[in-house]
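Residues in the sequence shown are numbered from 540 upward in steps of one, following the working numbering.
Before any comments, here is the structure.
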Amino acid sequence: GLDWSAKTGEIWFSASTRTAYGSGTLWTVSPSGKLRSRYVLPDFFTLQSVSGSGDRFLLTSQKEGVDLTVRSGADDPHDLSWLGWTLIRDISPDGKTALFFDGGPTEKTSGVWIRPLEGGDATRLGEGFPGKFSPDGRSIVAVTRPLSGAPQLILIPVEAGGVRRLPTPVGDVSAPSFAGPSTLLFV
């Protein structure tokens, strides 16, 4: 959304600075071109209008969600959705853990997550878009979500350890997967 305050001459708009699925922020740009973050919003909102005095604004929520529902055998289905935009990517080799991307309301909640299929809390493993579990289930290949530049392949440990950047060819990469214990496939 976009609007203008007659009192201050500022242009008001709502936008996310990091990802398409990040939380919204209400911004202003002064007549001199100075950008200012006014409010960080808890979810996806669109600016509709700013009052003439510039002290009130109208926002609409356009939140959509993607749910993750699991059914095992004859059991009733149960919801494993986490923060509202749960996109499943893989199931661990032992069949006990879901790997998913979730677009939460803040930058620190969007990213690569795992969660036991039987239920329980999800664990955020890091930034990026998840690919697949390694054949031994100890790591996950993923793709970074840079603000600028090309995405990079990364290896994220499921347990303790640091994220490792992998050699990545020039250009965009997506949908990484393992083809054996030491070979990666990607588009």
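C-beta atoms are modelled at their ideal positions from N, C-alpha and C, and glycine is treated no differently.
Given a cut-off of 8 Å on the beta-carbon distance, is the pair residue i and residue j in contact?
{"i": "I693", "j": "R703", "result": "yes"}
{"i": "D615", "j": "D606", "result": "no"}
{"i": "I627", "j": "V651", "result": "no"}
{"i": "P674", "j": "F717", "result": "yes"}
Tell me which residues share the same chain as residue i and place their Cβ nearer than 8 Å to its Cβ, disregarding the 5 neighbours each side in the sequence.
{"i": "A554", "result": "G563, T564, W566"}
{"i": "P715", "result": "G670, K671, V680, A681, V682, L692, L723, L724, F725"}
Please classify residue i as buried or exposed, where buried requires at least 16 neighbouring CB atoms within 10 angstroms.
{"i": "S576", "result": "exposed"}
{"i": "T625", "result": "buried"}
{"i": "G643", "result": "buried"}
{"i": "E698", "result": "exposed"}
{"i": "L586", "result": "buried"}
Express the C-alpha separation of residue j and residue i in angstroms, rounding to a whole number.
{"i": "D542", "j": "I550", "result": "6 Å"}
{"i": "S713", "j": "V726", "result": "5 Å"}
{"i": "F552", "j": "K546", "result": "16 Å"}
{"i": "G658", "j": "P685", "result": "31 Å"}
{"i": "P708", "j": "E666", "result": "20 Å"}
{"i": "S569", "j": "S544", "result": "10 Å"}
{"i": "G710", "j": "G548", "result": "41 Å"}
{"i": "G540", "j": "D633", "result": "46 Å"}
{"i": "L598", "j": "S588", "result": "7 Å"}
If I measure Cβ to Cβ from residue i and keep anything under 7 Å in the same chain, skipping five residues before and after, which residues do I get?
{"i": "K635", "result": "P655, L656"}
{"i": "Y560", "result": "In this prediction, Y560 has a pLDDT of 48, which is less than 50 and means its spatial position is unreliable; what the coordinates show is noted afterwards. The answer, listed in chain order, is W624, G642, S649."}
{"i": "V609", "result": "P616, H617, L619, L656"}
{"i": "I695", "result": "V651, L664, G665, S678, I679, A681, V702"}
{"i": "F668", "result": "F640, A681, V682, R684"}
Just to confirm my understanding: we take residue i, look at its own chain, exclude 5 residues before and 5 after, and list those with CB closer than 6 Å. What are they?
{"i": "D629", "result": "L638, K671, F672"}
{"i": "S631", "result": "F672, G676"}
{"i": "G719", "result": "none"}
Which residue spans inside the region 613-697 form an unbroken alpha helix (DSSP H) run of at least 4? For the region 613-697, not a single whole alpha helix (DSSP H) run of length 4 or above is found.
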